[in-house]
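Visitor: Residue numbers (my numbering): 33 to 316. For every residue, glycine included, the Cβ atom is placed at its ideal position computed from N, Cα and C.
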Amino acid sequence: SKETEEQKKVIEEQKKIVEEKNKDITDSINYANRIQRAILPHRRDIWAAFPQSFVLFKPKDIVSGDFYFFHKNEQSAFIAAVDCTGHGVPGAFMSMLGVSFLNEIVRKKEITKASDILDHLRDSIIEALQQKGQTGEQKDGMDIALCAINTANFQLQFAGANNPLFIIRGKKPQGFQNIEVLGNIEEIEPDKQPVAIYENMRPFTNNVINLQKGDTIYLTSDGYQDQFGGPKNKKFKIKQLKEIFLNIAAQPMLEQREILNTTFENWRGELEQIDDVTILGLKI
């Protein structure tokens with residue numbers, strides 16, 4: 033009937049409008065992705081400082097609430113894996129703030145102590161988001177694992193907000209010949225507080241660790257271990273991720289990245305990726 037034809041026409045037109053709107057939104061998010069990728073550190077800069085390294089960066093959506101940071105000066109290299117609250121567009125806005133604040137703190141203010149960097153970053157976030165610590169206030173902020181590595185003597189400083197650092201030793205430390213270190217993974221605990229306003233904020237802890245040639249370090253956001261999947265649709269869990277690190281530590285870095293990626297995809301199977309994923313690996 034004429035009426036049905038009219039209705040069909042209206043529905044078709046509405047569908048077209050929705051499709052065009054969706055395309056506009058996707059196009060603009062894709063453009064945002066280009067901007068976000070442009071401000072991330074260039075992999076070749078990381079490789080120049082650490083030829084044996086990898087970056088596994090898997091956003092859940094087109095743009096990401098995770099980001100990674102790298103900067104090298106004469107004495108030190110600074111590297112961080114950062115997880116902002118939220119993912120997608122809101123997370124990406126937070127990540128842009130994070131990148132620009134870290135650049136200002138490390139490059140312009142030349143702050144080199146890992147814990148001081150996080151203290152300054154927290155001050156900047158609180159000020160920028162006008163966080164007053166009131167109840168019901170947006171809990172925006174970031175979790176981070178940040179290392180400052182002295183490139184001459186390989187002394188590492190680590191400061192963490194909710195995210196730890198993993199170290200696998202390449203050989204036994206001198207003077208400890210009777211201790212079996214190989215095959216152990218050292219987990220350097222973070223402070224249990226975010227880079228944001230928090231009930232009982234404390235200054236961040238500066239952990240100092242002497243690395244040796246052949247040691248491997250891993251920094252990660254929580255997206256990998258929180259992924260549901262496997263035969264029982266359960267979370268991957270940090271214990272399993274640590275086992276992978278132990279099993280792959282002797283492999284070339286790009287192979288490690290490949291194994292981590294394949295393991296993640298196999299675990300996820302048909303399920304949706306639930307969060308952004310970032311893992312950085314460096315062999316000293």
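Taking the straight line between their C-alpha atoms, what separation do you get for Y256 and F89?
Guide: Here residue 256 corresponds to residue number 224 of the sequence shown, with the count starting at 1. Here residue 89 corresponds to residue number 57 of the sequence shown, with the count starting at 1. Going from the Cα of Y256 to the Cα of F89 covers about 10 angstroms.
Visitor: Could you pull the start and end residues of the beta strand (DSSP E) that M174 belongs to?
Guide: Residue 174 sits at position 142 when you count from the first residue of the sequence shown. Unbroken beta strand (DSSP E) run through M174: 174-182.
Visitor: Pull up the distance between the alpha-carbon of F133 and that of D258, whole angstroms please.
Guide: Numbered from its first residue, the sequence shown carries residue 133 at position 101. Numbered from its first residue, the sequence shown carries residue 258 at position 226. Their Cα atoms are separated by approximately 27 angstroms.
Visitor: From this set, D308, A109, K40, which residue's C-alpha is nearest D77's C-alpha?
Guide: Along the sequence shown, one-based indexing puts residue 77 at 45. The candidate whose alpha carbon is nearest that of D77 is A109.
Visitor: Taking the beta carbon of A195 as the centre, do at least 16 other beta carbons fall within 10 Å, making it buried, or is it exposed?
Guide: In the sequence shown, residue 195 corresponds to position 163, counting from 1. Per the sequence shown, residue 195 should be read as Asn rather than Ala. N195 comes out buried.
Visitor: Verify whether the separation of the beta carbon atoms of I217 and F296 is less than 8 angstroms.
Guide: Reading the sequence shown from its first residue, position 185 is the one you call residue 217. Reading the sequence shown from its first residue, position 264 is the one you call residue 296. No; because the gap between Cβ atoms is not below 8 angstroms, this pair is not in contact.
Visitor: For T36 and K53, I'd like the C-alpha separation in whole angstroms.
Guide: Locating residue 36 in the sequence shown gives position 4, counting from the first residue. Locating residue 53 in the sequence shown gives position 21, counting from the first residue. Cα to Cα, the separation comes out at about 26 angstroms.
Visitor: Assuming the contact rule is C-beta atoms closer than 8 angstroms, T248 and A113 should be a hit. Round their C-beta distance to whole Å, please.
Guide: In the sequence shown, counting from the first residue as 1, residue 248 sits at position 216. In the sequence shown, counting from the first residue as 1, residue 113 sits at position 81. Rounded, the Cβ-Cβ distance is 15 angstroms, inconsistent with contact.
Visitor: Assign A228 to one of three DSSP states: helix, strand, or coil.
Guide: Reading the sequence shown from its first residue, position 196 is the one you call residue 228. DSSP places A228 in coil when its eight states are reduced to three.
Visitor: Should A281 be labelled buried (16 or more other beta-carbon atoms within 10 Å of its own) or exposed?
Guide: Residue numbering aside, residue 281 sits at position 249 when the sequence shown is read from its first letter. With 16 or more other Cβ atoms within 10 Å, it is buried.
Visitor: Judging by CA-CA distance, which residue of P91, F82, D115 is the nearest neighbour of N65?
Guide: Position 33 of the sequence shown, counted from the start, is the residue given in the question as residue 65. The shortest Cα separation from N65 among P91, F82, D115 belongs to P91.
Visitor: Use the C-beta contact count for Y63: other C-beta atoms within 10 angstroms, 16 or more gives buried, fewer gives exposed.
Guide: Working through the sequence shown from its first residue, we reach residue 63 at position 31. Answer is exposed; the Cβ neighbour count stays below 16.
Visitor: Could you spell out where the beta strand (DSSP E) holding I246 opens and where it closes?
Guide: On the sequence shown, position 214 is the one that residue 246 refers to. Per the sequence presented here, residue 246 reads as Gly, with Ile not at that position. Run containing G246: none; DSSP gives neither H nor E here.
Visitor: Identify which residue in P83, Q272, Y230, V42 has its Cα closest to the Cα of I157.
Guide: Here the question's residue 157 lines up with position 125 in the sequence shown. Among P83, Q272, Y230, V42, the Cα nearest to that of I157 belongs to Y230.
Visitor: With three or more C-beta pairs closer than 8 angstroms as the rule, is the region 232-241 touching the region 285-301?
Guide: No, they do not touch.
Visitor: Just the Cα atoms here: how many angstroms apart are I316 and F101?
Guide: As a position in the sequence shown, residue 316 is number 284, starting the count at 1. As a position in the sequence shown, residue 101 is number 69, starting the count at 1. For I316 and F101, the distance between alpha carbons rounds to 18 angstroms.
Visitor: Please classify S85: is it buried, with 16 or more other beta-carbons within 10 angstroms of its beta-carbon, or exposed?
Guide: Here residue 85 refers to the residue found at position 53 of the sequence shown. S85 is buried by the Cβ-count criterion.
Visitor: Looking at the secondary structure, which residues open and close the beta strand (DSSP E) in which I111 lies?
Guide: Working through the sequence shown from its first residue, we reach residue 111 at position 79. From DSSP, the beta strand (DSSP E) with I111 extends over 108-116.
Visitor: Which same chain residues, not among the five before or five after S253, have their C-beta less than 6 angstroms away from its C-beta?
Guide: Stepping through the sequence shown from its first residue, residue 253 is reached at position 221. These residues qualify, in order along the chain: D98, A113, D115, T310.
Visitor: With hydrogens ignored, establish whether the beta-carbon of Y63 is closer than 7 angstroms to any heavy atom of the ligand SAM.
Guide: The ligand content of the structure shown is nil, which means the ligand SAM is not present either.
Visitor: Which parts of the region 49-120 are runs of the alpha helix (DSSP H), unbroken and 4 residues or longer, counting only runs that do not cross its ends?
Guide: 75-81, all fully within the region 49-120.
Visitor: Quick one: what does DSSP say T36 is sitting in, helix, strand or coil?
Guide: As a first step, residue 36 is located in the sequence shown; it is residue number 4 there, counting from the start. If DSSP states are grouped into helix, strand and coil, T36 belongs with the helices.
Visitor: Taking the continuous beta strand (DSSP E) assigned at E219, which residues delimit it?
Guide: Here the question's residue 219 lines up with position 187 in the sequence shown. Run containing E219: 217-220, per the beta strand (DSSP E) assignment.
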